[in-house]
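Below: the structure, in structure tokens.
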């Protein structure tokens with residue numbers, strides 16, 4: 068199984084210690100939110116200087132990998148259906164009669180038959 072490593076700059080030696088501690092706390096809280104499976108899917112968290120050298124482990128999980136509950140993947144057709152619900156349909160004076168425009172939130176525009 069492959070693993071993903073992430074590197075973030077959280078401060079420098081000229082920062083007060085309490086600022087660095089708060090930065091570490093904020094990064095750890097927020098990174099866990101965006102990882103599929105949350106904290107259960109994180110094996111370890113370590114601090115290391117940018118220049119290299121030994122790392123300081125902050126968190127290590129020795130639990131079973133089977134304990135991780137990943138969210139169900141979203142099906143493409145469900146994404147398209149949700150996107151279609153948010154689209155706006157309206158007339159456009161430069162189009163021939165019987166045609167309308169379908170405008171999606173992301174800016175995509177489609178010309179559609181007004182009967183459909």
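Numbering (our numbering), first residue to last: 68 to 183.
Cβ atoms here follow ideal geometry from the backbone N, Cα and C, with glycine treated the same way.
Requested in this report: Return helix, strand or coil for residue 153, following the three-state DSSP convention.
Outcome: coil
**Report entry** First and last residue of the uninterrupted beta strand (DSSP E) at residue 167
**Finding:** 166-170
Query raised in the report: Which whole runs of the beta strand (DSSP E) in the segment 95-138 are 3 residues long or more, in chain order?
Result: 111-114 and 123-127
Report task. Can you have a look at residue 176 and say buried or exposed, based on whether 16 or more other CB atoms are within 10 angstroms of its CB? Result -> exposed
Report task. Determine, using beta-carbon pairs with one atom in the segment 132-148 and one in the segment 104-122, whether at least three such pairs fall under 8 Å. Result -> yes
Query - Secondary structure of residue 147, DSSP reduced to three states - result: helix
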